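Notes follow once the structure below has been shown.
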Amino acid sequence: MINRSTIRKFGFDLFHEFGDYVMLLRKTISRPDNIKMFWKEFMKQCKIIGVESVPIVFIISFFIGMVMTLQAAYMLEMPMVPRSIIATIVRDTVMLELAPSGVGAIIACVVGFKITSELGYMRIYEQIDALKVMGVNTYSYLITPKILATLVTVPALIIYSITLSMVGGYVISLMTTALSPNDFVTGLIIDFKPFTLWVAIIKIMVFSFVISSISCFFGYTFYGSTVELSKRCTFTVSLNCIALLVFDYIITAAML
């Protein structure tokens, strides 16, 4: 049975963790001591976070577009409905939700695990302490490049995902009689609202910051064994997905 003391302790621990999270973010906002080292680490993180995630984003996004087109065509098998509406539904659904949230959740799992495990192993083998002894600002050297690299590469991955989903839908229009390629292209163009794209971009930027900052926090503040690190990484991935859903609701409710 959960008593008041347990709830009180949970609330205290939650606010304590949140305070540590805010303090860590504040320490990352500083000028790097060595621009050359910072730039090298930033490019390394762009490769790890962005380039290495391209294959999985390609596969998922392409099939999302294909499946969405087939499902929309199945649901709109009515003679009164123009076939181009199928592409319009696919466009808006992918742009507003499936790409930012769906593919974003996959990226959150992959990127979150990588960041947390990297910083966690550095903590286990005392590499972070060694950097501090050498006078290196570990916050600006280890955390800031990861956050900035995520803010640069993840939006690019999501835009890449949206484009691939549209291509996947177009491929289905070539393979099926549900709608013609001309109808699909017409549906992509008709009644397009730039505001929809802005909502997607805002979601992407918020999600990128949330993914990277939470992963960096739980990796940097880790103390324990390799077995405990695997549990920490799993917890971070779960928390990233929950945070994405919460912020997805907040942004959607505020802007749409």
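Going by our numbering, the sequence shown opens with residue 376, and the numbers climb by one from there.
Backbone N, C-alpha and C define an ideal beta-carbon position, used for all residues, glycine too.
The model shown is predicted, which means the values in this text are computed figures rather than measured ones.
Element boundaries [alpha helix (DSSP H), containing residue i]
i       : result
Asn-557 : 556-564
Gly-543 : 519-550
Thr-468 : 459-468
Ala-447 : 429-450
Arg-498 : 479-499
Val-602 : 601-630
Ser-476 : Neither: Ser-476 is in no alpha helix (DSSP H) and is coded neither H nor E.
Gly-594 : 569-595
Val-508 : 502-508
Ile-404 : Counting along the chain, Ile-404 falls outside any alpha helix (DSSP H), and DSSP gives it neither H nor E.
Span separating the alpha-carbon of residue i from that of residue j
i       : j       : result
Glu-493 : Gly-562 : 44 Å
Ser-380 : Asp-388 : 12 Å
Ala-354 : Leu-445 : Lying outside 376 to 631, the shown extent of the chain, residue 354 is not represented and no answer is given.
Thr-513 : Ile-589 : 17 Å
Phe-617 : Thr-627 : According to the sequence displayed, residue 617 carries Ile and not Phe. Straight-line Cα distance between these residues: approximately 15 Å.
Leu-549 : Gly-543 : 10 Å
Phe-597 : Leu-619 : 22 Å
Phe-636 : Gly-425 : Here the chain covers residues 376 to 631 and nothing more, so residue 636 does not appear.
Met-453 : Val-546 : 22 Å
Phe-413 : Leu-451 : 53 Å
Val-465 : Gly-386 : 42 Å
Tyr-500 : Glu-416 : 19 Å
Glu-427 : Phe-488 : 13 Å
Ser-540 : Gly-477 : 12 Å
Ile-576 : Gly-479 : 12 Å
Ile-410 : Lys-419 : 14 Å
Leu-603 : Glu-392 : The displayed chain sequence assigns Glu, not Leu, to residue 603. If you take the alpha carbons of Glu-603 and Glu-392, they lie about 18 Å apart.
Arg-401 : Asp-395 : 10 Å
Leu-572 : Phe-390 : 35 Å
Arg-607 : Gly-594 : 8 Å
Ser-587 : Leu-517 : 12 Å
Gly-495 : Ser-600 : 9 Å
Met-443 : Met-497 : 42 Å
Ser-605 : Leu-614 : 14 Å
Thr-551 : Ser-459 : 14 Å
Val-511 : Val-397 : 21 Å
Phe-584 : Pro-475 : 13 Å
Phe-633 : Val-429 : The question about residue 633 has no answer here: the residues shown for the chain are numbered 376 through 631.
Met-441 : Ser-515 : 42 Å
Val-456 : Tyr-449 : 12 Å
Arg-383 : Thr-609 : 25 Å
Ile-423 : Pro-569 : 31 Å
Integer-rounded CB distance, given that residue j should sit under 8 Å from residue i
i       : j       : result
Ile-435 : Ala-447 : Actually they are not in contact, since the Cβ atoms of Ile-435 and Ala-447 sit about 18 Å apart, beyond 8 Å.
Ile-533 : Ile-579 : 5 Å
Val-574 : Met-509 : Actually they do not touch by this definition, with Cβ atoms about 45 Å apart.
Val-486 : Thr-519 : With a Cβ gap of about 16 Å, Val-486 and Thr-519 do not count as contacting.
Ile-481 : Ile-431 : 7 Å
Thr-463 : Ile-565 : 6 Å
Thr-491 : Cys-421 : Rounded, the Cβ-Cβ distance is 18 Å, inconsistent with contact.
Val-336 : Cys-484 : Since the first residue shown for the chain is 376 and the last is 631, residue 336 is missing from the structure and cannot be characterised.
Phe-592 : Leu-399 : 5 Å
Quiz item: For the stretch 542-559 against the stretch 470-477, are there 3 or more C-beta pairs whose distance is under 8 Å?
Solution: no
Practice problem: State whether the stretch 499-509 contacts the stretch 397-413, with contact taken as three or more CB pairs (one from each stretch) at a distance under 8 Å. | Solution: no
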